[in-house]
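Inspection log for the structure reproduced underneath, given as structure tokens.
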Amino acid sequence: MRAGRKYPPRGACGLLCAAVRWTACRRQSAIRGIIILVKEDKTMKYVCDVCGWEYDEEAGCPEEGIEPGTKWEDLPEDFACPLCGVGKDQFSEA
């Protein structure tokens with residue numbers, strides 16, 4: 001690896017820090033011999049700060065036409081809480 005290149009931080013165990021959702025791929029490039037970094041695909045939950053309704057990326061929100069597996073970032077900008085009607089800006093990570 002080239003000197004001065006920035007990679008995600010390493011944890012106490014020596015593996016790449018899971019807090020930033022990166023992990024080291026065990027496969028190595030046969031040509032260059034470098035470790036390939038891959039972003040983990042974890043699902044998140046978001047809670048409405050007003051009423052407490054929870055959006056689970058894994059479950060989606062079928063009653064609102066949102067397929068299971070839909071990431072928070074991929075929800076439409078005009079998404080509103082099904083219970084109280086507030087926008088995405090009123091949600092926090094669970």
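Each residue of the sequence shown is one higher than the last, beginning at 1 in the UniProt record's numbering. Positions of the beta carbon are idealized from the N, C-alpha and C atoms, including for glycine.
Which residues DSSP lists as bridging residue i, in chain order
| i | result |
| --- | --- |
| F91 | C48 |
| G60 | D56 |
Whole-Å CB distance - residue i paired with residue j, under 8 Å assumed
| i | j | result |
| --- | --- | --- |
| E93 | Y46 | 6 Å |
| F91 | C48 | 6 Å |
6 Å CB neighbourhood of residue i in its chain, flanking five on each side removed
| i | result |
| --- | --- |
| residue 116 | Outside the shown range of the chain (1 to 94) lies residue 116, about which nothing can therefore be said. |
| K71 | E57 |
| W53 | C81, L83 |
| Y55 | Y46 |
| E67 | G60 |
Residue i, buried or exposed, once every other Cβ within 10 Å from all chains shown has been counted against 16
| i | result |
| --- | --- |
| S29 | At S29, the pLDDT of 45 sits below 50, so the modelled position is not reliable; the number obtained from the coordinates is stated separately. Under this definition S29 is an exposed residue. |
Cβ-based neighbour list, residue i, same chain, cut-off 7 Å, excluding 5 preceding and 5 following
| i | result |
| --- | --- |
| M44 | E57, W72, E93 |
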